[in-house]
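Participant: The structure under discussion is supplied below as structure tokens; questions concerning it will follow.
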Amino acid sequence: MIYLGADHGGYELKEAIKAHLTEQGIAFTDCGTHSAESVDYAPIAKDTCDRLLSDSDKSSLAVLCCGTGIGISMAANKVRGIRAACCSNYFGAKYTRLHNDANVLCLGGRVIGAGLACELVDVFLHTGFEGGRHQRRIDQIAAIEESYK
Ligand code: RB5
Numbered sequence: 003m004i005y006l007g008a009d010h011g012g013y014e015l016k017e018a019i020k021a022h023l024t025e026q027g028i029a030f031t032d033c034g035t036h037s038a039e040s041v042d043y044a045p046i047a048k049d050t051c052d053r054l055l056s057d058s059d060k061s062s063l064a065v066l067c068c069g070t071g072i073g074i075s076m077a078a079n080k081v082r083g084i085r086a087a088c089c090s091n092y093f094g095a096k097y098t099r100l101h102n103d104a105n106v107l108c109l110g111g112r113v114i115g116a117g118l119a120c121e122l123v124d125v126f127l128h129t130g131f132e133g134g135r136h137q138r139r140i141d142q143i144a145a146i147e148e149s150y151k
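Note that this note's numbering numbers the sequence shown so that position 59 is 61, with each residue one more than the last.
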């Protein structure tokens, strides 16, 4: 399952991504927002990430959009177990799966267009984690998280 969330700054981009996923027959859950009316991004990030982490299918991923992609990624990264990457280029979207095992892709609706965003979503969804030495680094990130419990 792909979980989608956005504030008003990312609403249009989320709608474009929904259309793109629908065309490909990829299942998604839309966690809001459901209009271009102003709304805070942190609660949407938390709700989307909580739903992702509650999914028994551990291959599930999420895509979050706000104006820059930055605020919503900061909020998402406060959720234990979330590795959110704010990307605006293909290389980053690919390597954050390969090396960081990112489980959330964050995009800026005021930064990139829908065409590029959909390409970033595609590569993010279809690239797997490489493991190996990168697992050790992911474990070190988790250890930092745990040290602040
Ligand atoms: C909302 O105006 C905007 O601040 C938000 O979408 C996002 O860009 C924050 O990082």
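Where a beta carbon is used, it is the ideal one built from N, C-alpha and C, also for glycine. Just so you know, these numbers come straight off a predicted model, no measurement behind them.
Hey, is residue 43 close to the ligand RB5, as in C-beta under 7 Å from one of its heavy atoms?
Facilitator: As a working note, residue 43 is residue 41 in the sequence shown. Yes - the ligand RB5 has a heavy atom lying nearer than 7 Å to the Cβ of residue 43.
Participant: Assuming residue 108 contacts residue 71 under a Cβ cut-off of 8 Å, what Cβ separation, rounded to an integer in Å, is found between them?
Facilitator: Translated into the one-based positions of the sequence shown, residue 108 becomes position 106. Translated into the one-based positions of the sequence shown, residue 71 becomes position 69. 4 Å between Cβ atoms; contact.
Participant: Within the present structure, is the beta-carbon of residue 68 separated from the nearest heavy atom of the ligand RB5 by less than 7 Å?
Facilitator: The count along the sequence shown starts at 1 and reaches residue 68 at position 66. Yes.
Participant: Taking the DSSP output, what are the residues bridged to residue 64?
Facilitator: As a first step, residue 64 must be located in the sequence shown, where it is residue number 62. In DSSP, residue 64 forms a bridge with 5 and 106.
Participant: List in chain order: all unbroken alpha helix (DSSP H) runs of 4+ residues lying wholly within the region 15 to 76.
Facilitator: 43 to 56, all fully within the region 15 to 76.
Participant: I'd like the list of long-range same chain contacts for residue 43, defined as Cβ closer than 7 Å, with 5 residues on each side in sequence excluded.
Facilitator: Residue numbering aside, residue 43 sits at position 41 when the sequence shown is read from its first letter. 9, 68, 73, 74 and 77.
Participant: Residue 5: which of 11, 148 and 54 sits nearest, CA to CA?
Facilitator: Within the sequence shown, residue 5 is the residue found at index 3, counting from 1. Cα-wise, what sits closest to residue 5 is 54.
Participant: Hey, is residue 114 close to the ligand RB5, as in C-beta under 7 Å from one of its heavy atoms?
Facilitator: Sequence index remark: in the sequence shown, residue 114 carries index 112 (1-based). No, since every heavy atom of the ligand RB5 falls outside the 7 Å radius drawn around the Cβ of residue 114.
Participant: DSSP has residue 87 in a bridge; who is on the other side?
Facilitator: In the sequence shown, the residue the question calls residue 87 occupies position 85. 107.
Participant: So which of 29, 138 and 48 has the shortest CA-CA distance to residue 59?
Facilitator: Walking along the sequence shown from the start, residue 59 turns up at place 57. The shortest Cα separation from residue 59 among 29, 138 and 48 belongs to 29.
Participant: Is it the case that the Cβ atoms of residue 64 and residue 105 are separated by a distance below 8 Å?
Facilitator: The sequence position of residue 64 within the sequence shown is 62, counting from 1. The sequence position of residue 105 within the sequence shown is 103, counting from 1. In this structure, residue 105 lies closer than 8 Å to residue 64 by Cβ.
Participant: Less than 8 Å separating the beta-carbons of residue 103 and residue 126?
Facilitator: Numbered from 1 along the sequence shown, position 101 holds the residue referred to as residue 103. Numbered from 1 along the sequence shown, position 124 holds the residue referred to as residue 126. No, the Cβ-Cβ distance between residue 103 and residue 126 is not below 8 Å.
Participant: Hey, residue 123 and residue 46: beta-carbon distance below 8 Å or not?
Facilitator: In the sequence shown, the residue the question calls residue 123 occupies position 121. In the sequence shown, the residue the question calls residue 46 occupies position 44. No; because the gap between Cβ atoms is not below 8 Å, this pair is not in contact.
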